[in-house]
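J.: What follows is a single structure, and I will ask about it in a moment.
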Amino acid sequence: MAAKLPLIARKNIRDEYEAKKGGLLERIKEYTGEDYEFIVDFQEKIYPNIDTAQSYQVESPGSIAFSAYEGLADRLKTITDEGEDQLVKDFFNEVVSSRKIDILIEPMESGYTACRVRDGVLELVFKTDNYGTNSWYLTEKLINNLDEAYAETNKGELPLEARKGWQDDFVSKKDKLEADIAEELLGTKVTLVADPVAIWRTAVEEYDKLKKRDKDQIDLESIRRNMGSAVFSYFDGFRYQINYKFKQDDLMVETFLETAPSKEVRFELVPELSPGNSYHEALFTDDAFVMRTTPKNWYTNSSYVCEKIDTLL
Numbered sequence: 001m002a003a004k005l006p007l008i009a010r011k012n013i014r015d016e017y018e019a020k021k022g023g024l025l026e027r028i029k030e031y032t033g034e035d036y037e038f039i040v041d042f043q044e045k046i047y048p049n050i051d052t053a054q055s056y057q058v059e060s061p062g063s064i065a066f067s068a069y070e071g072l073a074d075r076l077k078t079i080t081d082e083g084e085d086q087l088v089k090d091f092f093n094e095v096v097s098s099r100k101i102d103i104l105i106e107p108m109e110s111g112y113t114a115c116r117v118r119d120g121v122l123e124l125v126f127k128t129d130n131y132g133t134n135s136w137y138l139t140e141k142l143i144n145n146l147d148e149a150y151a152e153t154n155k156g157e158l159p160l161e162a163r164k165g166w167q168d169d170f171v172s173k174k175d176k177l178e179a180d181i182a183e184e185l186l187g188t189k190v191t192l193v194a195d196p197v198a199i200w201r202t203a204v205e206e207y208d209k210l211k212k213r214d215k216d217q218i219d220l221e222s223i224r225r226n227m228g229s230a231v232f233s234y235f236d237g238f239r240y241q242i243n244y245k246f247k248q249d250d251l252m253v254e255t256f257l258e259t260a261p262s263k264e265v266r267f268e269l270v271p272e273l274s275p276g277n278s279y280h281e282a283l284f285t286d287d288a289f290v291m292r293t294t295p296k297n298w299y300t301n302s303s304y305v306c307e308k309i310d311t312l313l
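Sequential numbering of the sequence shown, starting at 1, is according to UniProt numbering.
Written as structure tokens, this is what we have:
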């Protein structure tokens, strides 16, 4: 059992942590919709691992813990849009299933802070002898930290960063883009169709097939980070090309709609393209107009997938 904390440390914990933590817990509930618990153990886990030569660590363990938890509350405020983003709230609550948040001190090969989820507990970690250093950056990559924990038991399932990008960068802009495309098609509305779950699953499956030395051929980080913006760019490229190629010519528009009677324009990520295609391909199939690319060519020349649409008619 660790030695009893000195009076100055115990007083700081009482006045600067215990007396104030209730407000932070209320904020976290506001942003997540759930009750959470701070489980930092000053006696057994914090004080035995501080740098006793640093007066701030010796005298202010409570202030440091409060600052770390406050940084988390601020981060949750941002990523949940002050509790309005249900997608992020649900994901956070699913991953941090214990509803507990801890602070630890451990050796690190690089950096001064880390954030992770272990056994459903969110852990804010300081490097040994650096308790309180860069506490603001503990949760700088919270979304990525949540995704890493989620992937451990949900391999191939859509990560939060991709879900949020899909919501913010595609779904929120889809109606306006469909309206712009309808204008180019003389008032006929088409539906833009893409499945982010299938896109991610294909990307992960193809990445897993690669040998270790070839892993850099597929940029999973880019696919996760740009899920919404990349798919939007493919569809916006379609809009640009029909504007340039069709010029609202009634015969061109009529022929396109006859060739795609479902009035769907689709984007798909596939393991490989048809022979003769390099970065992407466009074709009419299953009564729809379909754009395709591969994980290796993700987000490459997205505006030019449909550049030969007139010759396909």
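We treat Cβ as the ideally placed atom computed from N, Cα and C, and that holds for glycine.
Small disclaimer: the values here were computed from a predicted structure and weren't measured.
Hey, quick one: how far does the alpha helix (DSSP H) through K209 stretch, first residue to last?
T.: Here residue 209 is taken as the residue at index 209 of the sequence shown, counted from 1. It spans P196 to K209 - the alpha helix (DSSP H) in which K209 sits, taken as one unbroken run.
J.: Please list the segments of the beta strand (DSSP E) lying wholly inside the region 81-163, counting only runs of 3 or more residues, in order along the chain.
T.: 100-106, 113-118 and 121-127
J.: If I measure Cβ to Cβ from D310 and keep anything under 8 Å in the same chain, skipping five residues before and after, which residues do I get?
T.: Here residue 310 refers to the residue found at position 310 of the sequence shown. Excluding residues within five positions, the ones whose Cβ falls inside 8 Å are K245, F246 and M252.
J.: Could you check if D15 is buried or exposed, using at least 16 other CB atoms within 10 Å of its CB as the buried criterion?
T.: As a first step, residue 15 must be located in the sequence shown, where it is residue number 15. It counts as exposed.
J.: Taking 9 Å as the threshold (C-beta atoms), are N130 and T32 in contact?
T.: Here residue 32 corresponds to residue number 32 of the sequence shown, with the count starting at 1. Here residue 130 corresponds to residue number 130 of the sequence shown, with the count starting at 1. No, these two residues do not count as a Cβ contact at 9 Å.
J.: Going by CA-CA distance only, name the one from K45, D41, P61 and L185 that's closest to A9.
T.: Looking up residue 9 in the sequence shown gives position 9. It is P61.
J.: Spatial neighbours of I242 within its chain, please: C-beta separation below 6 Å, excluding the five flanking residues on both sides.
T.: Here residue 242 corresponds to residue number 242 of the sequence shown, with the count starting at 1. Answer for I242: E184, listed in chain order.
J.: For a quick check, are the C-beta atoms of E161 and N144 less than 9 Å apart?
T.: Here residue 161 is taken as the residue at index 161 of the sequence shown, counted from 1. Here residue 144 is taken as the residue at index 144 of the sequence shown, counted from 1. Result yes, Cβ atoms of E161 and N144 sit closer than 9 Å.
J.: For L5, which of helix, strand or coil comes out of DSSP?
T.: Here the question's residue 5 lines up with position 5 in the sequence shown. L5 falls in the coil class under three-state DSSP.
J.: Going by beta-carbon coordinates alone, are F42 and I13 separated by less than 9 Å?
T.: Residue 42 sits at position 42 when you count from the first residue of the sequence shown. Residue 13 sits at position 13 when you count from the first residue of the sequence shown. The answer is yes: Cβ separation under 9 Å.
J.: Which residue marks the beginning of the alpha helix (DSSP H) containing L192, and which one marks its end?
T.: For the purposes of this step, residue 192 is identified with residue 192 of the sequence shown, where counting begins at 1. Where L192 is concerned, there is no enclosing alpha helix (DSSP H), although the beta strand (DSSP E) it sits in stretches over T191 to V193.
J.: Look at M227 and D169 and say whether their C-beta atoms are less than 9 Å apart.
T.: Locating residue 227 in the sequence shown gives position 227, where the first residue counts as 1. Locating residue 169 in the sequence shown gives position 169, where the first residue counts as 1. Cβ atoms of M227 and D169: closer than 9 Å.
J.: Considering only their Cβ atoms, is the gap separating F126 from I181 smaller than 9 Å?
T.: Locating residue 181 in the sequence shown gives position 181, counting from the first residue. Locating residue 126 in the sequence shown gives position 126, counting from the first residue. Contact flag unset, no.
J.: Can you give me the C-alpha to C-alpha distance between Y112 and N134, rounded to a whole angstrom?
T.: Sequence index remark: in the sequence shown, residue 112 carries index 112 (1-based). Sequence index remark: in the sequence shown, residue 134 carries index 134 (1-based). If you take the alpha carbons of Y112 and N134, they lie about 7 Å apart.
J.: What does DSSP give as the partner residues of V265 in its beta bridges?
T.: Translated into positions along the sequence shown, residue 265 becomes position 265. According to DSSP, V265 bridges with L192 and F289.
J.: Would you mind listing the alpha helix (DSSP H) stretches within the region 20-67 that are 4+ residues and don't spill past its ends, in chain order?
T.: 21-32 and 55-59
J.: Taking just the CA atoms, how far does K11 sit from G23?
T.: As a working mapping, residue 23 is identified with position 23 in the sequence shown. As a working mapping, residue 11 is identified with position 11 in the sequence shown. Spanning the alpha carbons of G23 and K11 requires a straight line of approximately 19 Å.
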